[in-house]
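Asker: There's a structure below that I have some questions on.
Residue numbers (the working numbering): 409 to 852.
Spelled out as structure tokens, the structure:
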């Protein structure tokens with residue numbers, strides 16, 4: 409593959425299972441652009457990529473952009489661990505402080521680095537960036553984004569042409585159409601001039617399939633209609649990227665994880681409270697805790713307020729194992745600290761719970777442990793070894809083989825592979841480049 413002046417476009421479709429592409433006809437989905445551009449003209453992983461632990465959006469996207477597992481890059485959950493609600497629902501919006509990212513390294517190696525509303529991108533050293541960040545879903549979010557963007561004022565300039573950008577809490581198809589328009593605007597109005605003598609690295613994010621799956625189910629008609637619409641938007645993005653520069657563009661289309669339809673909610677904090685490990689006031693608000701569970705969809709981390717308290721640790725172990733031994737609890741595995749670290753996630757947790765298929769874990773402290781009316785119709789975050797959790801991978805352009813199926817691919821291989829295409833390595837990455845599997849010349 410010729411890495412001299414090769415631009416790279418990374419597109420993440422949240423929650424996209426490979427099955428929805430490779431068995432599209434079976435589900436009555438017409439995806440002509442993805443089939444032509446990536447399946448016929450590029451390389452792909454028909455069995456998908458093994459995700460990270462947990463298979464949740466923010467840990468997965470930071471792994472995608474760093475090539476590291478959550479235990480290494482430090483973004484181990486979507487939301488900040490916060491039993492008392494002090495941080496008012498804050499998420500882990502920021503890039504890792506512990507490892508390098510594709511955004512920063514691309515810029516250091518002479519690329520114009522850019523990103524549009526990509527998860528875990530606050531603080532990325534991009535030439536042009538609108539990070540994903542929100543607080544309350546109002547116009548105040550975009551005022552904050554305007555000063556978080558680089559250059560400062562980029563959001564205001566963009567909105568003068570396109571209208572208000574979608575908040576990170578705005579996840580409908582219409583919001584994704586706006587994300588695409590914003591990314592195309594960035595290509596035409598910023599990258600075109602900046603890339604006269606330089607290639608670009610640009611990341612883009614589409615959230616509506618995942619959100620629609622959460623609301624209606626993995627194979628719902630609503631979710632399938634979203635995929636059909638996104639198929640057209642992917643083609644528009646690629647066309648805009650390839651018309652921006654006079655050199656080759658490689659496009660990598662990925663997802664962060666898959667989705668599973670839910671049947672139940674389970675609430676470990678209810679059991680912890682019943683065993684005296686969480687104390688609440690008369691309104692049911694947490695006032696103190698010895699052990700607390702925070703969800704990641706189909707898994708959760710359980711932390712001890714005092715990890716050195718062996719009496720409490722033993723009690724929590726017994727409580728969690730009583731759930732494991734109950735065939736009706738929905739619990740598949742209970743992991744201790746050593747087992748967690750072997751899975752390369754939840755580095756601050758003392759225990760973790762992995763749910764059975766279809767049992768989503770929630771943070772409820774009050775009420776029933778088991779609920780047969782799940783909060784969301786579909787969810788992720790389940791065991792990274794579940795087939796339904798495998799992420800999608802497609803790549804095309806500049807020497808990639810046609811109709812080439814790649815096996816044994818991991819989510820943490822995405823960043824080192826794209827770095828290799830751009831001609832540099834990622835010193836912190838735990839994944840590996842699979843460039844040799846994509847390059848025609850090495851296989852002819």
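C-beta: ideal position from N, C-alpha, C; glycine also.
Quick caveat: nothing in here was measured; it's all calculated off a predicted structure.
Which value, in whole angstroms, describes the spacing of the CA atoms of residue 420 and residue 612?
Answerer: Spanning the two alpha carbons is a distance of roughly 6 Å.
Asker: Can you list the beta strand (DSSP E) stretches of 3 or more residues lying completely in the region 624-686, in chain order?
Answerer: Qualifying beta strand (DSSP E) stretches, in chain order: 657-662, 672-674.
Asker: How many whole angstroms separate the CB atoms of residue 570 and residue 590, which I take to be in contact at a CB cut-off of 8 Å?
Answerer: Going by Cβ atoms, the distance from residue 570 to residue 590 rounds to 6 Å, so yes, they are a contact pair.
Asker: Can you grab the Cα-Cα spacing for the pair residue 700 / residue 578, in whole Å?
Answerer: Computed Cα separation, rounded: 29 Å.
Asker: What is the rounded straight-line gap between the Cα of residue 631 and the Cα of residue 512?
Answerer: For residue 631 and residue 512, the distance between alpha carbons rounds to 34 Å.
Asker: Alpha carbon to alpha carbon, how far is residue 722 from residue 777?
Answerer: Distance between the alpha carbons of residue 722 and residue 777 is about 21 Å.
Asker: Look up residue 697 in the DSSP assignment and give the residues it is bridged to.
Answerer: 686, per the DSSP bridge assignment.
Asker: Between residue 759 and residue 728, how many whole angstroms is the CB-CB distance? I'm expecting something under 8 Å.
Answerer: So it is a contact: roughly 6 Å between Cβ atoms.
Asker: Tell me whether the beta-carbon of residue 586 lies closer than 8 Å to the beta-carbon of residue 595.
Answerer: Not in contact: residue 586 and residue 595 (Cβ atoms no closer than 8 Å).
Asker: With 16 as the cutoff for other CB atoms within 10 Å, does residue 799 come out buried or exposed?
Answerer: Classification of residue 799: buried, given that the 10 Å Cβ count is 16 or more.
Asker: Counting along the chain, where does the alpha helix (DSSP H) carrying residue 565 start and finish?
Answerer: First-last of the alpha helix (DSSP H) with residue 565: 562-570.
Asker: Residue 737: which of 763, 702, 715 sits nearest, CA to CA?
Answerer: Among 763, 702, 715, the Cα nearest to that of residue 737 belongs to 763.
Asker: Can you list the alpha helix (DSSP H) stretches of 4 or more residues lying completely in the region 449-484, in chain order?
Answerer: The qualifying runs are 465-474, 478-481.
Asker: Going by Cα to Cα distance, which pick from 647, 782, 665, 664 is closest to residue 658?
Answerer: The shortest C-alpha separation from residue 658 is found at 647.
Asker: What did DSSP end up calling residue 798 once you bin it into helix, strand or coil?
Answerer: Correct three-state label for residue 798: coil.
Asker: Looking only at its own chain, which residues have a Cβ that is under 7 Å from the Cβ of residue 695, when we skip the five neighbours before and after it?
Answerer: The answer, listed in chain order, is 687, 688, 689.
Asker: Taking all protein chains shown into account, do 16 or more other C-beta atoms lie within 10 angstroms of the C-beta of residue 555, making it buried, or fewer, making it exposed?
Answerer: The residue in question, residue 555, is exposed, as its Cβ has fewer than 16 Cβ neighbours within 10 Å.
Asker: Below 8 Å on the Cβ atoms is my contact criterion, and I expect residue 477 with residue 748 to pass it. Report the Cβ-Cβ distance as a whole number of Å.
Answerer: At roughly 12 Å, the Cβ-Cβ gap does not stay under 8 Å, so residue 477 and residue 748 are not in contact.
Asker: Here's the rule I'm using: 16 or more other beta-carbon atoms within 10 Å means buried, otherwise exposed. How should residue 704 be labelled?
Answerer: By the 10 Å Cβ count, residue 704 comes out buried.
Asker: Under the three-state reduction of DSSP, which class applies to residue 507: helix, strand or coil?
Answerer: Here residue 507 sits in coil by DSSP.
Asker: Among 550, 582, 427, which has the Cα closest to the Cα of residue 634?
Answerer: With distances taken between Cα atoms, residue 634 lies closest to 582.
Asker: So, for residue 610: in the same chain, excluding its five sequence neighbours on each side, which residues have a beta-carbon less than 6 Å away from its beta-carbon?
Answerer: Excluding positions up to five away in sequence, the list reads 417, 522.
Asker: Can you tell me whether residue 522 is helix, strand or coil according to DSSP?
Answerer: The answer is strand: DSSP assigns residue 522 an E or B state.
Asker: With DSSP collapsed to three states, give me the class of residue 418.
Answerer: In this structure, residue 418 counts as strand in the three-state DSSP scheme.
Asker: Are there 16 or more other CB atoms within 10 angstroms of the CB of residue 788, so buried, or fewer, so exposed?
Answerer: Per the 10 Å Cβ criterion, buried.
Asker: Can you tell me the Cβ-Cβ gap for residue 829 and residue 451, rounded? I've got them flagged as a contact below 8 Å.
Answerer: With a Cβ gap of about 12 Å, residue 829 and residue 451 do not count as contacting.
Asker: Using a threshold of 8 Å, state whether the C-beta atoms of residue 424 and residue 643 are closer than that.
Answerer: No, Cβ-Cβ distance for residue 424 and residue 643 is not below 8 Å.
Asker: Spatial neighbours of residue 562 within its chain, please: C-beta separation below 7 Å, excluding the five flanking residues on both sides.
Answerer: Closer than 7 Å at Cβ, skipping near neighbours: 536, 538.
Asker: Leaving aside the five residues before and after residue 564 along the sequence, list all residues of the same chain whose C-beta is less than 7 Å from its C-beta, in chain order.
Answerer: Excluding positions up to five away in sequence, the list reads 554.
Asker: Starting from the Cα of residue 664, find the closest Cα among 508, 580, 528 and give me that residue.
Answerer: For the residues 508, 580, 528, the minimum Cα distance to residue 664 belongs to 528.
Asker: Between the beta-carbon of residue 769 and the beta-carbon of residue 674, is there less than 8 Å?
Answerer: A contact, by the Cβ cut-off of 8 Å.
Asker: Whole angstroms are fine: how far does the CA of residue 662 sit from the CA of residue 801?
Answerer: Rounded to the nearest angstrom, the two C-alpha atoms are 5 Å apart.
Asker: The alpha helix (DSSP H) that contains residue 730, what's its start and end?
Answerer: That run of the alpha helix (DSSP H) goes 718-732.
Asker: Residue 810 and residue 567 look like a contact to me (Cβ under 8 Å); what is the Cβ gap, rounded to whole Å?
Answerer: At roughly 40 Å, the Cβ-Cβ gap does not stay under 8 Å, so residue 810 and residue 567 are not in contact.
Asker: Nearest-angstrom Cα distance between residue 455 and residue 697?
Answerer: The straight-line gap from Cα to Cα measures roughly 42 Å.
Asker: Would you call residue 654 buried or exposed, if buried means 16 or more other Cβ atoms sit within 10 Å of its Cβ?
Answerer: With fewer than 16 other Cβ atoms within 10 Å, it is exposed.
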